[in-house]
Structure formats: structure tokens, C-alpha cells
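From first to last, the protein sequence lines stand for chains A and B. The numbering used here applies: residue 264 is where the first sequence begins, and numbers increase by one. The numbering used here applies: residue 264 is where the second sequence begins, and numbers increase by one. First up is the structure itself, then whatever we jot down about it.
There are 2 protein chains.
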Amino acid sequence: MAELSERQKQIIEAAIELISEKSIQGLTIKNLAKKIELTEGAIYRHFDSKVDILLTILFSFQDEAKKMLNDFCVADISALQLIENLFQHHFEYFAKKPAVASVIFSESIFQNDNRLVVEVLKILDLHEQALACIIKKGKQTNEIKSTIAEKELVRIIIGSIRYTVTKWRLSGYDFDLRKEGKLMLESIKELLKP
Amino acid sequence: MAELSERQKQIIEAAIELISEKSIQGLTIKNLAKKIELTEGAIYRHFDSKVDILLTILFSFQDEAKKMLNDFCVADISALQLIENLFQHHFEYFAKKPAVASVIFSESIFQNDNRLVVEVLKILDLHEQALACIIKKGKQTNEIKSTIAEKELVRIIIGSIRYTVTKWRLSGYDFDLRKEGKLMLESIKELLKP
DNA sequence: ACTCCATGTAAATGAATACTTACAAAATAC
DNA sequence: GTATTTTGTAAGTATTCATTTACATGGAGT
Numbered sequence: 264m265a266e267l268s269e270r271q272k273q274i275i276e277a278a279i280e281l282i283s284e285k286s287i288q289g290l291t292i293k294n295l296a297k298k299i300e301l302t303e304g305a306i307y308r309h310f311d312s313k314v315d316i317l318l319t320i321l322f323s324f325q326d327e328a329k330k331m332l333n334d335f336c337v338a339d340i341s342a343l344q345l346i347e348n349l350f351q352h353h354f355e356y357f358a359k360k361p362a363v364a365s366v367i368f369s370e371s372i373f374q375n376d377n378r379l380v381v382e383v384l385k386i387l388d389l390h391e392q393a394l395a396c397i398i399k400k401g402k403q404t405n406e407i408k409s410t411i412a413e414k415e416l417v418r419i420i421i422g423s424i425r426y427t428v429t430k431w432r433l434s435g436y437d438f439d440l441r442k443e444g445k446l447m448l449e450s451i452k453e454l455l456k457p
Numbered sequence: 264m265a266e267l268s269e270r271q272k273q274i275i276e277a278a279i280e281l282i283s284e285k286s287i288q289g290l291t292i293k294n295l296a297k298k299i300e301l302t303e304g305a306i307y308r309h310f311d312s313k314v315d316i317l318l319t320i321l322f323s324f325q326d327e328a329k330k331m332l333n334d335f336c337v338a339d340i341s342a343l344q345l346i347e348n349l350f351q352h353h354f355e356y357f358a359k360k361p362a363v364a365s366v367i368f369s370e371s372i373f374q375n376d377n378r379l380v381v382e383v384l385k386i387l388d389l390h391e392q393a394l395a396c397i398i399k400k401g402k403q404t405n406e407i408k409s410t411i412a413e414k415e416l417v418r419i420i421i422g423s424i425r426y427t428v429t430k431w432r433l434s435g436y437d438f439d440l441r442k443e444g445k446l447m448l449e450s451i452k453e454l455l456k457p
């Protein structure tokens with residue numbers, strides 16, 4: 264992906280803020296222009312289309328995910344600790360940047376544009392792979408029971424996180440996501456025990 | 264909820280079909296009118312608004328869920344068997360009626376209308392309660408390990424189902440949902456063992 | 001000073017959308 | 001059989017949205 268100009272960065276940042284504030288539906292060119300005090304036409308000097316903006320947002324999330332997950336599994340830390348870190352990081356992250364959840368969980372809106380779906384799937388895959396690596400390690404060190412296939416464990420863990428976040432969003436953010444995340448983590452750790 | 268006229272039933276059915284075919288975005292009054300060979304105005308003889316139509320759809324899903332779940336837990340069947348039934352029914356159901364998943368998973372679209380969110384939450388609650396009842400039973404009969412709180416187990420199980428369905432939808436329905444559901448079920452059963 | 005290009009604006013365009021209105025016909029009631 | 005209500009139609013309206021167009025401006029390079 265090409266480097267972003269300052270203006271492009273500003274637009275992307277504003278777009279993410281808009282999504283945080285009013286969910287994905289709040290992201291319109293008009294709102295975007297208003298937010299950075301430009302005209303709508305000016306936006307099109309920097310991005311070809313709205314889909315382009317969304318793609319750029321997804322790319323930036325991918326980058327963040329890659330940075331976070333890159334040396335997650337190689338570190339010399341126990342698998343259970345790694346899972347704890349993963350949980351903590353994610354719930355912290357979603358609580359701080361609801362826009363990410365809003366975008367990643369908005370698959371239904373993207374279904375008219377396959378490129379967007381593909382990029383969301385890539386983000387999911389990044390997380391699945393990191394988690395799969397951790398689980399493999401945990402099985403080897405006998406921290407994690409080996410009677411359950413990796414693939415299913417990955418889906419169970421990610422599904423649990425997602426559902427917790429979904430309920431948080433639907434409730435209008437009316438509970439403490441970090442606290443609920445901690446409870447979920449403890450339960451998952453208990454479940455994984457051999 | 265008032266009884267539905269024949270015409271209303273026809274409209275709701277067509278609406279659900281539209282959602283199945285092109286996801287929630289495909290549900291427009293124009294498409295709906297075309298599908299049942301009426302004019303758009305005629306639709307408004309039977310429903311006040313589009314939100315009204317969506318609410319009616321959600322009510323019908325609620326009814327279905329209630330019927331299905333009502334005597335789910337009281338039956339004289341083992342908890343693990345009940346969970347198996349629940350899984351089988353759900354994956355079967357989603358595979359047959361993708362519209363349901365499309366609506367229930369479209370929370371992001373509903374966020375501009377709180378009534379819709381509330382009704383989606385009710386459907387989720389119905390399922391959570393049924394599952395909570397099963398788990399409680401299973402703990403009593405020692406079929407399910409009692410070291411993990413009910414609430415978390417419920418979220419883990421529903422989260423696993425939802426994530427499996429989400430990946431199925433994003434993949435363009437390109438894997439066998441029932442088969443993956445079966446694998447997930449086996450893993451969950453294994454996890455729940457005391 | 002002149003040119004050129006990047007960046008901006010204001011206003012339009014065109015398409016989609018939910019919904020309304022004025023009127024007609026058909027079913028129902030009496 | 002006539003009046004009334006229900007259900008339909010055709011053609012709007014109003015709004016929202018992404019995107020385009022014609023034109024302006026300001027700065028960089030020569």
C-alpha cells in the first residue's frame with residue numbers, strides 16, 4: 264500500500280472518528296467533509312471513492328494487527344499468558360476504539376462490495392493464525408488440553424470475544440467491557456486446562 | 264402483536280426472501296413491490312413503514328424461537344443431548360434460512376432505530392435463557408463442569424455458533440455449515456465435560 | 001513574470017430511497 | 001342496488017447520497 268499524505272491521514276482519522284461516533288452509517292462524504300472543514304469535492308482529490316476510504320481504513324487495521332500479532336507467538340512466554348495478553352489487549356482496544364469493532368463487525372454492510380469482505384476476512388485470518396500458533400504451543404507444553412482440534416478452539420475463543428463485544432455494542436456500551444472481558448478470559452482459561 | 268392479514272403475511276414472506284437473496288440491503292420497498300407484483304403504494308396500505316416490516320419480521324423470529332425453545336429445557340433429556348439438539352437445530356435452521364442470520368447479524372444496520380435493536384436483543388435473550396437452563400441442569404446432573412459461571416458458558420457457546428455462521432456468510436456460503444456445526448458441537452461437548 | 005500542477009470550491013448531476021397524494025376500482029355492507 | 005370501506009395504481013415529493021464538473025487560487029519551479 265502506498266504511503267498516505269498528511270491530508271489522507273487526516274481524512275482517514277476523521278472517518279474512523281465518524282464511525283466511532285455514529286457507527287458505519289455515519290460515514291458519509293458530507294459528514295466527512297464537514298468534520299475536517301473541507302468541501303465534498305476536496306475529499307475526492309485525495310481518494311477515488313468512498314470504498315477506497317473504507318479499504319484504506321481496513322488496511323490500517325491490518326497493519327496494526329500485524330504489528331501486534333507478529334511476535335506474539337514467538338515470545339518466550341507461556342501459552343496461557345499469551346492468551347491472557349491477547350484478551351487484555353483486545354478488550355482494551357475495542358473499549359478504546361469502538362470504531363474498529365464497528366467496522367470489523369459490519370460485514371453485512373460490506374456484502375455489496377467483495378473487496379471489503381476480502382479485507383475483513385484477512386483481518387480475521389491474522390487473528391486466527393496468531394491464536395492457532397498459541398494453542399499449538401500450549402498443547403505441546405501441556406498447558407492446553409489436546410483433545411480438541413485447533414480450528415475449533417480458535418473459533419470458540421474468537422467467537423466468545425466477538426459475542427461479548429457485540430452485546431456490549433447492542434447494549435449501548437452500558438457495561439464495563441474490560442471487566443466482562445476479564446471474566447470471559449478466566450472462563451476460557453479454565454476450559455482450556457488439560 | 265395483532266394477527267396478520269394474508270397480504271401482510273405475503274409481504275413478510277417476500278421480505279424475508281429478499282433478505283435471503285441479497286442480504287438486508289436488498290430489502291427495499293421497490294424490490295418488495297416488484298416481488299409480489301404490487302405497486303409501492305400498495306405496500307403502505309398494509310404496513311406503516313419499512314421499520315414496521317422489519318419489526319414484524321423480528322416478531323415472527325421471536326415467535327419461532329419461543330415455540331422452539333419453550334419446552335426445550337423441561338424435557339426429560341440429558342443436558343448434553345439438549346445441547347446437541349440445540350446445535351443441530353440452529354445450524355440446520357441457518358443453513359435453510361440464511362435470512363434469519365442476515366437479520367439477526369445485522370445489528371450494525373439497526374443502530375439508527377433503537378426499537379429494532381431492542382427486538383434483536385430479545386431474540387438473543389431467549390436463546391441465552393434456554394441455554395442457561397440447560398447448563399444449570401447439566402451442572403446438577405454432573406454432565407457439565409461446574410467450575411465455570413453459567414453466563415460465560417452461555418456466551419462461549421452462542422459466540423461459537425455465531426462466529427461459525429459469520430465465517431460461513433463471509434465466505435459466500437462456500438462450506439458445509441452443518442458439517443462445521445457438527446465439529447463445533449463435538450468440541451463444545453468435550454470442553455463442557457467435568 | 002510566467003507556467004503548471006496540486007488543491008480547493010460551489011454547484012450540479014443522477015441515482016436510490018422511503019413515503020405521499022389524488023384518484024380508481026373492487027369488494028362489502030346495508 | 002346504492003353507499004362505504006378496502007385495496008389498488010400512477011405519478012409524484014422530498015431527501016440523501018456518492019460522484020462530477022467548471023472554475024478559482026496559491027505555491028513551486030523555471
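Using N, Cα and C, we set each Cβ at its ideal position, and we do this for glycine too. Keep in mind that this is a model prediction, so the values were computed, not measured.
Sorting V363(A), L440(A), A338(A) by C-alpha distance to the C-alpha of E276(A) places V363(A) at the top. Secondary structure of Y356(A) (DSSP, three-state): helix.
DSSP places S423(A) in the uninterrupted alpha helix (DSSP H) bounded by 413–433. When CB distances to chain A are screened at a threshold of 9 Å, the residues of the region 404–433 of chain B falling below it are K408, T410, I411, A412, K414, E415, L416, R418, I419, I420, I421, G422, S423, I424, R425, Y426, T427, T429, K430, R432, L433, in chain order. Within the region 342–410 of chain B, the alpha helix (DSSP H) runs of at least 4 residues that lie entirely inside it are, in chain order, 342–359, 361–367, 370–373, 377–403. Ranking E415(B), R425(B), A412(B), E406(B) by CA distance to the CA of E415(A) puts R425(B) first.
Residue nearest to F324(B) within the set K360(B), T404(B), K313(B) is K360(B) (criterion: CA-CA distance). At the C-beta level, A395(A) and V417(A) come within 7 Å of one another. The C-beta of S341(B) comes no closer than 7 Å to any C-beta of chain A.
In the DSSP annotation of this structure, K456(B) is not part of any alpha helix (DSSP H), being labelled neither H nor E.
By the C-beta criterion, the region 381–391 of chain B is judged not to be in contact with the region 428–448 of chain B, since fewer than 3 inter-stretch pairs fall below 8 Å.
Counting the other CB atoms within 10 Å of its CB gives V366(A) a total of 16 or more, which places it among the buried residues.
Straight through space, the alpha carbons of L349(A) and H390(A) are spaced by roughly 10 Å. Counting along the chain, the unbroken alpha helix (DSSP H) around A277(A) starts and ends at 269–285. Judged by DSSP in its simplified three-state form, A338(B) adopts coil rather than helix or strand. When Cβ-Cβ separations below 7 Å define contact, L318(B) makes no contact with chain A. Ranked by Cα distance from G444(B), the options A358(B), L321(B), D339(B), I282(B) are led by A358(B).
Taking 7 Å as the cut-off, the beta carbon of I316(A) is found closer than this to the beta carbon of F310(A). When Cβ-Cβ separations below 7 Å define contact, N375(B) makes contact with chain A.
DSSP, reduced to helix, strand and coil, places E300(A) outside both helices and strands of the structure shown, so it counts as coil. Between the region 324–343 of chain B and the region 396–412 of chain B there are three or more inter-stretch CB-CB distances shorter than 8 Å, so the stretches are counted as touching. For L384(B), the chain A residues whose C-beta falls within less than 9 Å of its own C-beta are K430, L433, S434, listed in chain order. Not one beta carbon of chain A lies nearer than 7 Å to the beta carbon of V366(B).
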